[in-house]
Amino acid sequence: MTDSARAARPTRRRENQGPEDRDNIMTGLLEGKVAIVTGGASGIGLATVERFVAEGAKVAIADIQDEFGGSIVDRLGDSVLYVHTDVTDESAIEALVAATVERFGKLDVMFNNAGAGGDRSPMLEIGSAGFDRTIALLTGSVLLGHKYAAREFVKQGTGGSIISTASAAALQGDGRAPDTRSPSTQWSESSARRSRSSHRSVSDRTRSHPGSS
Ligand SMILES: NC(=O)c1ccc[n+]([C@@H]2O[C@H](COP(=O)([O-])OP(=O)(O)OC[C@H]3O[C@@H](n4cnc5c(N)ncnc54)[C@H](O)[C@@H]3O)[C@@H](O)[C@H]2O)c1
């Protein structure tokens with residue numbers, strides 16, 4: 050191709066030119082969608098809430114940090130709802146999905162993201178209470194998020210997406226217990242295969258492994 054032909058050729062501008070531009074762009078990618086983000090009051094969850102809202106979604110923030118949750122609602126307005134939710138409590142997750150549907154009319158996306166380090170005692174010292182607490186937070190909550198979101202998707206007949214934050218620690222293990230052995234990653238990935246085959250419209254993926262480099 051000659052230089053003049055190349056110059057005359059229409060160029061398709063990509064909207065996402067680079068990381069700085071991408072951060073500032075509102076593409077409306079999630080226009081009309083309704084999402085739940087657990088652990089949405091800080092860190093990865095909060096960044097997700099902000100981006101989802103910028104992309105046009107309505108978002109329910111589920112967390113136990115009520116003060117932060119309230120200040121996010123003050124800042125982002127009617128596009129967000131804060132629901133105090135301890136994700137280790139099954140009835141709280143069920144109520145969260147119900148409150149989201151009541152406020153925004155439906156559910157399209159569930160992001161199981163809430164979590165914390167858990168009991169990091171060495172294997173020779175850990176007690177069962179610390180183990181149970183950690184597994185409830187890092188694995189049980191992911192199961193509950195899947196259960197009540199998928200129920201809603203099936204009820205709606207619309208399908209939906211389930212995303213779960215995992216950890217690089219689940220892939221490598223480092224001698225601490227039980228968070229490095231938390232099966233949330235493996236559970237989520239095998240569940241994804243099962244739920245895709247039983248409910249073809251439910252898309253379920255573990256998307257991120259924070260802590261990996
Ligand atoms: N940042 C990392 O390097 C890293 C590494 C591995 C895994 N993770 C995982 O990524 C997720 C997000 O982490 P982050 O770095 O944004 O941390 P963060 O502490 O900023 O955010 C976690 C959020 O989860 C909330 N939360 C904790 N326990 C909860 C409960 N029982 N019910 C409801 N909400 C609860 C916290 O209040 C907080 O708002 C977590 O699941 C974390 O375990 C993060």
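Counting from 50, one number per residue, gives the positions in the sequence shown under the working numbering. Glycine included, every Cβ here is placed at the ideal spot set by N, Cα and C. Remember, it's a predicted structure, so these values are computed and weren't measured experimentally.
Let me know the secondary structure DSSP gives residue i once reduced to three states.
i: V146; result: helix
i: R152; result: helix
i: T137; result: coil
Among all the DSSP beta bridges, which residues are the ones paired with residue i?
i: D123; result: DSSP output for D123 lists no bridge partner at all.
i: L130; result: A109
Could you check whether the Cβ of residue i sits closer than 8 Å to any Cβ belonging to chain B?
i: S170; result: Of the protein chains in the structure, only one exists, and it is not chain B.
Task: Cβ contact (3+ pairs, closer than 8 Å) linking the region 120 to 129 and the region 178 to 191 - done: By the Cβ criterion, the region 120 to 129 is not in contact with the region 178 to 191, since fewer than three pairs of Cβ atoms, one from each stretch, lie closer than 8 Å.
Open item on the list: I want to know whether the region 77 to 85 touches the region 138 to 155 - three or more CB-CB distances under 8 Å.
Closed with: With the cut-off at 8 Å, the region 77 to 85 and the region 138 to 155 touch.
Task: Whole runs of the alpha helix (DSSP H) within the region 151 to 229, excluding any shorter than 4 residues - done: Correct list: 177 to 184, 190 to 205 and 217 to 221.
Open item on the list: Taking 8 Å as the cut-off, does the region 90 to 110 touch the region 149 to 165 (at least 3 CB pairs, one atom from each stretch)?
Closed with: Contact between the region 149 to 165 and the region 90 to 110 is present: three or more C-beta pairs spanning the two stretches fall below 8 Å.
Open item on the list: Threshold first: 3 residues or longer. Then list the beta strand (DSSP E) segments lying entirely within the region 86 to 123, N to C.
Closed with: Runs found: 107 to 112.
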